[in-house]
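Novice:
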Amino acid sequence: MKSINLTINGKKISKEVEDYTLLSTFIRENLNLTGTHIGCDTSQCGACVVHVDGKSMKSCALLAADVNGAKVTTIEGLAENGKLHPMQEAFKKHHGLQCGYCTPGMVMSAVDLLKNKKNPSDKEIREWLEGNICRCTGYQNIVAAVKDAASKM
Amino acid sequence: MKAFNFHEVKSVKEATKLASNKSTFLAGGMTLIPSMKMRLSSFSDVIDIKEIKELYGIKVKGKSVIIGANTKHADVAASKEVRKAVHSLAGLAEGIGDPQVRNCGTLGGSISNNDPTACYPSACIALDATIHTSSRKVEAEKFFTGMFETSLKKGELVTAVEFQIPEKSCYIKFPNPASRYAMVGVYIAKFKKEVRCAVTGAQSVVYRCKEIEKALNNNFSESALDSVSLKSSNLNSDIHASAEYRASLIVSCAQKAVAGSK
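Chain order of the listed sequences is A and B. The opening position of the first sequence corresponds to residue 1 in this note's numbering, with each subsequent residue numbered one higher. The opening position of the second sequence corresponds to residue 1001 in this note's numbering, with each subsequent residue numbered one higher.
#1: Nearest CA to the CA of I8 (chain A): which residue from A:V50, A:Q88 and A:Y20?
#2: Just to confirm the assignment: which complete alpha helix (DSSP H) runs, minimum length 4, are found wholly within the stretch 1039 to 1098 of chain B?
#3: Give me the residue from B:A1015, B:V1228 and B:S1134 with the minimum Cα distance to S1252 (chain B).
#4: Which residues in chain A sit within 7 Å of D1226 (chain B), going by Cβ to Cβ distance?
#5: Tell me which residues of the stretch 1034 to 1055 of chain B have at least one Cβ-Cβ distance to chain A shorter than 9 Å, keeping chain order.
#6: Using a Cβ-Cβ cutoff of 8 Å, what residues of the stretch 1084 to 1105 of chain B are near chain A? List them in chain order.
#7: For K55 (chain A), which residues from the same chain have a beta carbon less than 7 Å from its beta carbon, with the 5 sequence-adjacent residues on both sides left out?
#8: Tell me whether I1047 (chain B) is buried or exposed, calling it buried when 16 or more other Cβ atoms sit within 10 Å of its Cβ.
#9: Got a sec: is the Cβ-Cβ distance from K1002 (chain B) to anything in chain A below 9 Å?
#10: Whole-angstrom Cβ separation of I125 (chain A) and C134 (chain A), contact assumed at under 8 Å?
#11: Identify whether C1170 (chain B) lies in helix, strand or coil by the three-state DSSP scheme.
#12: What three-state label does DSSP hand A79 (chain A) in the structure shown?
#13: If you measure from the beta carbon of N5 (chain A) to each beta carbon in chain B, is any gap under 9 Å?
#14: Taking Cβ-Cβ distances shorter than 9 Å, what residues in chain A pair up with G1029 (chain B)?
#15: What's the C-alpha gap between S1151 (chain B) and V1138 (chain B)?
#16: By Cβ distance, which residues of its chain are closer than 7 Å to A79 (chain A), with the 5 residues on each side in sequence left out?
#17: What's the gap between the Cα of T1016 (chain B) and the Cα of L1157 (chain B)?
#18: Under a three-way DSSP split, which group does E127 (chain A) fall into?
#19: Taking C-beta to C-beta, are P1116 (chain B) and V1195 (chain B) nearer than 9 Å?
#20: Determine the DSSP secondary structure at M1183 (chain B), reduced to helix, strand or coil.
#21: If you scan the stretch 1120 to 1169 of chain B from start to end, which runs of the beta strand (DSSP E) of 3 or more residues do you find wholly inside it?
#22: What did DSSP end up calling S1261 (chain B) once you bin it into helix, strand or coil?
#23: Drop a sphere of 10 angstroms on the beta-carbon of R28 (chain A), count the other beta-carbons inside from all chains shown, and report buried for 16 or more, exposed for fewer.
#24: Does K55 (chain A) have its Cβ less than 9 Å from a Cβ in chain C?
#25: What does the Cβ neighbour count give for A95 (chain A), buried or exposed, with the cut at 16 atoms within 10 Å?
#26: Smallest Cα separation from S1110 (chain B): which of B:A1085, B:V1086 and B:F1143?
#27: Buried or exposed: which applies to Q140 (chain A), given that a residue is buried once 16 or more other Cβ atoms fall within 10 Å of its Cβ?
#28: Is P1034 (chain B) helix, strand or coil when you go by DSSP?
#29: Any C-beta of chain B within less than 8 Å: which residues of the stretch 1 to 27 of chain A qualify?
#30: So A1198 (chain B) is in the beta strand (DSSP E); what residue range does that whole segment cover?
#31: Anything in the stretch 113 to 139 of chain A with a Cβ closer than 7 Å to a Cβ of chain B? List those residues in chain order, please.
#32: When you compare the stretch 1242 to 1261 of chain B with the stretch 1204 to 1223 of chain B, are there three or more beta-carbon pairs, one atom per stretch, that lie closer than 8 Å?
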């Protein structure tokens, strides 16, 4: 067992975890933050993307013990005082989701993109979202949502 | 995932001392963790080397670029020094996996894993790199020995890679549309005394394509490769591409790389 200290969505926590616990498992099962999804379990689909110290990463390919001391933001940490984050609003407005399974990862990746590029082109958005797989919307509305959010952030 | 003991170390010495026949080093973990999850590999001890500060960093010194083993793909891609010294190396890093993989994956991890379709091994071969490890310096051509195999001994850790700066270079890969791994990747580097051409994704391990090098040494132009026809008998053949298709892809990627060299 390892004792880890993390800041999750602004809140400091201390927990004991097994050495082999994945960050995704830790977030979902120990913290009950089930907005972070496990889509493929082979680290290819991007549904589990969270931010670790401000950078988007796949939580199913990281060990919880390995991010000891980090600041982690999950999809639950984006809305403030009950108000959706502009990226979440844009996904809702543009119907950038159908079943919604991939959406938390898409949103977390897209938020990271806009940190580095204020006004990305369609091509840049598509390239950036390469690691996020959606099996229903066909991506058009996702790209439209990210563009719209960029204009508002 | 099978249970293991997780260790965090602060120095290369500490890492190599802890290593055993049943241990592994954890760098970015972008291949290691998924393969452990799928039980393709298992270890009794996982030695996390992320906290070893001396393994980070990028230095341009004389005619070489030295990149610390823990440097992430995203950092190499964003490095102005790398882009200025060897434009194609930053470009290669920018094209590995996806943004989340590039935020975690490291140079040392990639070359130690030596996936036959990985991009970085081709850069090491084409840019005549020297691999620095915890115990020695080894030429890239003697480092990559086979499919997922290197000349690293148990407990030996890659600490940095020293790339030679060419006059011109370019890396072109033809990514598998699903996995984005290189079905074929060709790295061309033109040095004063020779042209080097490294190919990844086409055989069990990265290699130098002597036919292309010969043609480009005579005449560094796309048209010099028009008449090059590669044997396919020693190339990979799978559901994604036949050996004959790969043979043709190598030449066309090489032509694009010559055209894009800067």
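From the three backbone atoms N, C-alpha and C, an ideal C-beta is built for every residue, glycine too.
Specialist: Judging by the given coordinates:
#1: A:V50
#2: 1073 to 1078, 1080 to 1085 and 1087 to 1094
#3: B:V1228
#4: Per Cβ cutoff of 7 Å: no residues; D1226 (chain B) is ~31 Å from chain A at best.
#5: Correct list: P1034, M1036, K1037, M1038, V1046, D1048 and K1050.
#6: Listed in sequence order: G1097, D1098, P1099, Q1100, V1101, N1103 and C1104.
#7: The residues are D112.
#8: buried
#9: yes
#10: Not really, about 13 Å apart at Cβ, beyond 8 Å.
#11: Three-state DSSP puts C1170 (chain B) in a strand.
#12: coil
#13: False, the Cβ-Cβ gap to chain B never drops below 9 Å.
#14: A61, L62, L63 and D66
#15: 9 Å
#16: H85 and Q88
#17: 7 Å
#18: DSSP places E127 (chain A) in helix when its eight states are reduced to three.
#19: no
#20: Strand.
#21: 1130 to 1133, 1137 to 1139, 1144 to 1146 and 1158 to 1164
#22: coil
#23: Buried, since its Cβ has 16 or more Cβ neighbours within 10 Å.
#24: You won't find chain C in this structure, because its protein chains are A and B.
#25: Position check: residue 95 (chain A) holds His in this sequence, whereas Ala was assumed. So H95 (chain A) ends up on the exposed side.
#26: B:F1143
#27: exposed
#28: helix
#29: Listed by position, the residues of the stretch 1 to 27 of chain A near chain B (Cβ gap below 8 Å) are K2, E18, D19, Y20 and L22.
#30: V1195 to T1200
#31: Per Cβ criterion, the list reads W128, E130 and G131.
#32: Counting Cβ pairs under 8 Å, three or more are found: they touch.
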